[in-house]
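Residue numbers (mature numbering (1 follows the signal peptide of the UniProt record, and there is no 0)): -32 to -1, 1 to 305. C-beta: ideal position from N, C-alpha, C; glycine also. Source: prediction; values computed, not measured. Remarks on the structure that follows.
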């Protein structure tokens, strides 16, 4: 009964705002206090790479006083819609999450709560008919390309193993960009590509990586947790993805492509506050030129990567940021070669 009353109150408040506005409005978003109420829903633990970056950005926004932030982790796909509805009923003005396996359900919830803004990770684009549902993605192909250049210089056998979660566009484009970067430096390279069918299964990722090492790989692309453990155990190198794990693997992780969710989230927060949030594709805010991705510092490998390659990487990075060079976005499933 309490939730029904709150929902009615929120919808009534939004309707009043729409009536009194002097200009045309988009969706009837709930009135934004300062800070605004934000809820996030994660299907995996917050330690997982992708989710950890969203959580980091939200925590930073909370610490500077822009938002009140709560979250649910390890939410099963079958429970996702229920949790979304509970947060919407509780009056959260912005709900953040991912809809990769629950796309229809997520959009159905957004349709039922036009006074709530939804910022959802998705392989699909926003729909103007659902103006309170915006999408985002980790378009960090720019940084992935640069790590590929470094990998191309560091592999001795020319045999690179790559372990991903699922062959979906969000993963494929990063792998393809990495492979393109490798080929710029070393054209004759063999890639072993495998997917484990899970977003968080370190033991399976490690087992898959060990098999690739047995097949000749002397460098691994660690799209999933567990791959760097295999590299460390066998004394070979690894390239990280989304987060920087070199502190945990100082002799193993030579480079990492970092995702920064702050530009995406900060834009959404501002849009909710000024009541201009609408169906928008936030993907571009993960591009390097927008501050949404970067190459992690080489750290312990600063003196181990050839100086000429470091110079080439810096030159390419500058070209990406200036727009002189564009990393291709290739969402096709990468294949072993």
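Query	Result
Continuous beta strand (DSSP E) assignments of at least 3 residues falling wholly in the segment 208 to 261	221 to 227
Pair within 9 Å by beta-carbon distance, residue 288 and residue 110	yes
Whole-angstrom distance between residue 105 and residue 258, CA atom to CA atom	14 Å
Own chain, CB closer than 6 Å to residue 17, minus 5 neighbours either side, in chain order	210, 211
Residues near residue 176 in its chain [Cβ-Cβ closer than 7 Å; skip 5 each side]	131, 162, 164
DSSP state of residue 12 mapped onto helix, strand, coil	coil
Where the beta strand (DSSP E) through residue 89 begins and ends	85 to 89
Same chain, Cβ closer than 6 Å to residue 172, neighbours up to 5 away in sequence not counted	164
Cα-Cα separation, residue 30 to residue 71	28 Å
Backbone CA spacing between residue 141 and residue 231 [nearest angstrom]	20 Å
Residue 202 - DSSP class collapsed to helix/strand/coil	helix
Reduced DSSP category for residue 180 - H, G, I as helix; E, B as strand; rest coil	helix
Contacting residues, own chain, Cβ-Cβ under 7 Å from residue 285 (five flanking each side not counted)	114, 263
Inter-residue Cα distance where the pair is residue 76 and residue 253	26 Å
Those residues which DSSP pairs with residue 63 across a bridge	7, 86
At least 3 beta-carbon pairs within less than 8 Å: the segment 40 to 48 vs the segment 4 to 18	yes
Whole runs of the beta strand (DSSP E) within the segment 113 to 182, excluding any shorter than 3 residues	127 to 132, 158 to 163
Residues of its chain near residue 150, where Cβ-Cβ distance is below 6 Å and the 5 sequence neighbours each way are ignored	116, 119, 120, 157
Host beta strand (DSSP E) of residue 103 (start-end)	101 to 104
Residues bridged to residue 39 (per DSSP)	8
CB-CB length for residue 112 against residue 146, believed under 8 Å	5 Å
Nonlocal neighbours in the same chain, by C-beta distance under 8 Å from residue 218, ignoring five residues either side	267, 268
Cβ pair residue 143, residue 189 closer than 9 Å	yes
For residue 227 and residue 293, the rounded distance between their alpha carbons	19 Å
Residue(s) in a DSSP beta bridge with residue 190	131
Residue 128 versus residue 234: straight-line alpha-carbon distance, rounded	37 Å
Nearest candidate by alpha-carbon position, reference residue 244, set 184, 296, 100, 148	100
Where the alpha helix (DSSP H) through residue 80 begins and ends	71 to 80
DSSP bridge partner residues for residue 98 (one or two, in chain order)	Its beta-bridge partners do not exist; DSSP assigns none.
Inter-residue spacing [alpha-carbon to alpha-carbon] between residue 168 and residue 290	36 Å
Euclidean distance between Cα positions of residue 102 and residue 125	44 Å
Within 9 Å, strictly: CB atoms of residue 247 and residue 80	no
Cβ-based neighbour list, residue 45, same chain, cut-off 8 Å, excluding 5 preceding and 5 following	11, 69, 70
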